[in-house]
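Taken in order, these protein sequences are the chains called A and B. Following this note's numbering, the numbering of the first sequence begins with 177 at its first residue and continues without gaps. Following this note's numbering, the numbering of the second sequence begins with 322 at its first residue and continues without gaps. Virtual Cβ for every residue (Gly too), placed ideally from N, Cα, C. I have placed the structure first, in the form of structure tokens, so that the comments after it can refer back to it.
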Amino acid sequence: MRFEPVVAHKGRAKPPSNKIMTAKEAVSSFIKEETYLGMSVSAAPAALIWEIVRQRDRIKTLDMVITSQIGMSSVLIGSGLVRKLEMAYNWGGIEGEDKVFRRAVEKGIPRPLELEEYSNFGAAARWQATSMGISFLPVKSMLGSDIPKYNPKIKIIDDPYTNEPVALVPASYPDVAIMHCSRADEIGNVQCIGLYGNTDVLARAAKHVIVSVEEIVTQAEIRRFPNLTTIPYYYVDAIVHAPFGAHWRESHYYYHHDLAYGLDAYRQFATQEGYEAWLDKYVLSTEDWDAYCKLVGYDRLNRLMLSEHKYQKFGEVR
Amino acid sequence: MSNYADKYSLPELMAATVAREIQDGELAFIGVGMPLMAATVAKFTNAPNFNMMVEYGAVGPSPRRLPMCVNCAVNNERAYYVGTQREVMSAQQAGFVDVACISGAQIDKFGNLNSSVIGDDYFHPKVRLAGSGGANDLASSAGRTIIMMRQDGRNFVEKLDYLTSPGYLAGPGARKKAGLPGSGPVAVVTTMGVYRFDIESREMYLEKIHPGVDLEKVKAAVKWDLAVSPNLTETEPPTEEQVMIMRTLDPLAVYLGNGRDTLSGDFETFMKMFEDSYQPMLDLIKSKGLV
């Protein structure tokens with residue numbers, strides 16, 4: 177006997193302390209050169225993406241993991257930051273063909289983009305696995321297709337209980353996850369109103385988590401609807417207050433997708449020069465998200481909000 | 322009973338055709354775009370008790386405006402459930418989804434689809450496309466799938482450049498052997514006609530041809546020796562009501578035509594689109610007793 181007490185090991189929980197920061201502070205603190213970055217699609221964290229691009233000289237290279245992205249990932253790919261993309265889908269959606277993505281994969285402009293492909297469910301299962309603390313999950317997707325043929329990380333095995341084939345996907349452990357959600361308190365309890373895709377498991381999979389939100393609310397307000405809390409505080413490192421922080425995309429129950437802007441941006445993205453001109457005007461020449469919103473126009477943003485509220489508002493059936 | 326529309330576009334014909342494939346009471350996995358048009362028509366006509374699932378986590382929405390994507394705010398509108406993508410994907414993998422609608426850039430005779438790359442070198446593609454997204458998951462696990470795609474003369478191929486979403490793979494029995502839960506495609510609705518799959522060989526054959534389309538042109542647009550049904554008929558045109566429903570939801574032809582060109586950079590027209598369709602959509606929902 178040495179009569180020394182057992183060392184008190186601690187879990188990974190982030191403390192319930194004040195986590196409110198600016199986008200600039202959050203990106204500076206957590207995103208570094210060669211960060212492996214996870215990104216949500218629902219909703220798209222535009223305010224955080226814009227800030228990452230503003231800091232691209234420092235960050236230089238990112239490897240990214242997504243399930244699907246509809247438009248916003250191209251802002252990062254076009255900026256020359258992205259070296260590798262693990263994905264199920266990357267396209268413009270209703271905005272159409274993603275020329276930024278095509279240029280990067282087909283021509284290596286502005287830099288070559290390596291791909292690692294999954295199906296959507298396969299990609300989501302990777303974060304689900306990490307969130308459970310295990311290194312893989314089996315799914316019944318991608319079997320018989322060419323997806324595993326060009327992605328050796330997907331293993332087809334016989335299920336030991338049924339002897340039927342299953343596809344194993346490896347857990348994904350992002351260094352940092354960025355996402356945009358509805359509201360949070362200052363210690364990082366995050367609530368999503370409306371559908372939220374895979375943001376819950378993405379937050380659970382990443383080492384560090386930055387969440388931009390439409391509203392900062394009190395802890396008492398969070399406690400009123402605790403089952404809206406999709407991400408409890410212990411996963412979260414930084415809360416960034418970014419009203420309209422998903423523009424040109426939608427933020428459920430807050431404002432509608434600005435399709436007129438998105439289509440126009442995509443028209444400009446048809447050439448790398450056009451993309452650079454857009455980037456210079458809307459991202460690099462604006463100091464922060466508020467400056468971007470002023471450039472787009474708060475009148476316009478408020479009209480997108482009123483339009484959304486005409487059809488749906490939290491707590492009401494309209 | 323049916324009053325057929327005198328004038329309709331090809332996308333309207335395709336959407337009406339897909340709508341007729343959806344049965345009342347079914348649970349369907351619906352992608353935004355043309356499948357959504359078909360779903361809306363079905364809901365307001367032949368299948369009022371069918372519900373749609375939308376990929377990023379919505380079940381049973383009944384929107385009064387045009388959804389823009391699978392994670393659009395519109396998909397929450399008057400829904401039964403909203404939450405995660407994994408809810409709808411898991412339900413599908415566990416066998417709860419009756420029918421799903423998917424698309425692709427290339428197809429082969431067993432209904433396998435490519436939406437990933439064009440060209441024979443995956444690592445140096447001639448054209449890079451979007452990738453699977455949920456298409457592979459739907460093709461793998463939905464009870465049955467309906468394929469909706471453009472037929473451009475080159476994309477009905479002998480061999481795909483990349484197999485993104487499984488149809489019947491190499492033929493009879495191949496899906497089961499690969500471990501796929503769903504039963505595979507039942508129809509391919511294109512810009513030229515409607516195809517089905519033979520129950521024995523699982524090979525695609527032409528069942529219907531769109532009005533005004535020449536059979537020889539269809540054969541020329543298919544790179545394998547296409548089987549044609551001995552009972553080949555013309556595709557049933559959309560009814561006046563079906564066309565009216567589609568144009569009420571999509572007055573600027575964002576999905577049904579070239580509305581996207583009109584809207585690019587034009588915020589006022591975009592806002593007006595919502596204003597203009599709000600009351601007609603409300604009236605439509607009320608007239609169908611779906612409030």
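Asked                                                                                                                                              : Found
Interface flag, E524 of chain B vs chain A, CB-CB below 8 angstroms                                                                                : no
Per-residue DSSP class, three states only, for D334 of chain A                                                                                     : strand
Beta-bridge pairing of N435 of chain B - partner residues as DSSP gives them                                                                       : B:Q427
Burial state of I310 of chain A (16 or more Cβ within 10 Å)                                                                                        : exposed
Neighbourhood of P384 of chain B by C-beta, 6 angstroms cutoff - its chain only, sequence neighbours within 5 removed                              : V395 and E398
Span of the beta strand (DSSP E) around M389 of chain B                                                                                            : Per DSSP, M389 of chain B belongs to no beta strand (DSSP E) and is neither H nor E.
Cα-Cα separation between V412 of chain A and D233 of chain A, rounded to whole angstroms                                                           : 26 angstroms
Neighbouring residues, chain A, relative to S383 of chain B (Cβ below 9 angstroms)                                                                 : Result: empty, since nearest Cβ-Cβ is about 11 angstroms, beyond 9 angstroms.
V534 of chain B, buried or exposed, once every other Cβ within 10 Å from all chains shown has been counted against 16                              : buried
Neighbouring residues, chain A, relative to P487 of chain B (Cβ below 7 angstroms)                                                                 : G320 and S321
Cross-chain neighbours of T405 of chain B in chain A, by beta carbon under 7 angstroms                                                             : Y372, G373, N374 and D376
Three-way DSSP call (helix, strand, coil) for M308 of chain A in this model                                                                        : coil
Coil, strand or helix - C368 of chain A by DSSP                                                                                                    : coil
Short CB-CB distance (under 8 angstroms) between I407 of chain A and chain B                                                                       : no
Buried versus exposed, by CB contacts within 10 Å (16 or more), I333 of chain A                                                                    : exposed
3 or more residues per run - each beta strand (DSSP E) lying fully within the segment 531-571 of chain B                                           : 548-555
Contact belief for K195 of chain A with G421 of chain A at Cβ below 8 angstroms, rounded distance in angstroms                                     : That pair is no contact at about 16 angstroms.
Delimiting residues of the alpha helix (DSSP H) encompassing Y451 of chain A                                                                       : Q448 to L455
Residue from B:A542, B:A359, B:T583 and B:Y489 whose Cα sits closest to the Cα of S522 of chain B                                                  : B:Y489
Backbone secondary structure at Q344 of chain B - three-state DSSP                                                                                 : coil
Contact belief for D376 of chain A with T405 of chain B at Cβ below 8 angstroms, rounded distance in angstroms                                     : 6 angstroms
Those residues which DSSP pairs with Y508 of chain B across a bridge                                                                               : The identity of residue 508 of chain B in the sequence shown is Ala, whereas the question assumes Tyr. Beta-bridge pairing links A508 of chain B to B:I467.
M358 of chain B - containing alpha helix (DSSP H), residue span                                                                                    : M355 to F365
P346 of chain A, DSSP secondary structure in three states                                                                                          : strand
Residues bridged to L527 of chain B (per DSSP)                                                                                                     : B:Y516 and B:V549
Residue span of the alpha helix (DSSP H) that contains G586 of chain B, given as start and end                                                     : First-last for G586 of chain B: undefined, no H or E at that position.
Three-pair Cβ contact test at 8 angstroms for the segment 294-304 of chain A versus the segment 453-460 of chain B                                 : yes
As assigned by DSSP and simplified to three states, the class of S193 of chain A                                                                   : coil
Residue nearest to E362 of chain A in terms of C-alpha spacing, selected from A:I386, A:P350 and A:A343                                            : A:I386
Contacts around M240 of chain A, its chain only, beta-carbon distance under 6 angstroms, and the 5 residues preceding and following it disregarded : L213, V258 and L261
Three-state class that DSSP yields for W465 of chain A in the structure shown                                                                      : helix
Pick from B:M355, B:K498 and B:Y401 that is closest to A337 of chain B, judged by C-alpha positions                                                : B:M355
S182 of chain A classed as buried or exposed, judged by whether at least 16 other C-beta atoms fall within 10 angstroms                            : Looking at the sequence itself, residue 182 of chain A is Val, so the reference to Ser does not match. Label assigned to V182 of chain A: exposed.
Contact set between the segment 471-485 of chain A and chain B, restricted to residues whose Cβ is under 7 angstroms from the partner              : R476, R479, S483 and E484
Exposed unless 16 or more other CB atoms sit within 10 angstroms - verdict on D327 of chain B                                                      : exposed
Any C-beta of chain B under 8 angstroms from that of E340 of chain A                                                                               : yes
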